[in-house]
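First residue of the sequence shown? That's 1 in my numbering, and the numbers climb one at a time after it.
Quick reminder that beta carbons are idealized off the backbone N, C-alpha and C, glycines included.
Computed from a prediction, not measured in an experiment: that's the story for all the values here.
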Amino acid sequence: MKQSDRYLKIVQWSEQDACYIGTCPGLMLGGVHGDNEIEVYTELCEAVEECMQIYQQDGQPLPEPTAKPYSGQVSLNVEAINRLLQTQTS
């Protein structure tokens with residue numbers, strides 16, 4: 001895992017700006033923008049890497065990570081799903 005993966009990156013459509021906006025709250029102010037969601041995410045990842053390099057060059061500690069760890073496991077209550085399906089098909 002890269003150190004930059006420890007920071008939450010958000011790309012969302014802005015109706016007001018009519019483009020995608022990419023931000024990394026907790027690490028950097030501002031963000032990136034563009035017409036293509038994937039390109040904005042790629043640019044955002046590059047900006048996060050650059051921001052982290054600036055922190056290191058200035059001898060500043062990095063802010064606390066903002067991304068949440070996920071195990072990759074999903075809990076599923078089959079009994080509850082069966083009950084829900086039975087009530088919808090009845």
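Rounded separation between Ile21 and Asn82 - CA only: 40 Å
Counted within 10 angstroms of its Cβ, other Cβ atoms place Met52 as buried (16 or more) or exposed: buried
Thr42 - containing alpha helix (DSSP H), residue span: 37-57
Let me know if Ser4 comes out buried or exposed under the rule of 16 or more other beta-carbons within 10 Å of its beta-carbon. buried
Tell me where the beta strand (DSSP E) around Gln92 begins and ends. Summary: the structure shown does not reach residue 92, with the chain confined to residues 1 through 90, and so no result is reported for it.
For Glu37, collect the residues of the same chain with a Cβ closer than 7 Å to its Cβ; drop the 5 residues on either side in sequence, then sort them by chain order. Val11, Tyr20
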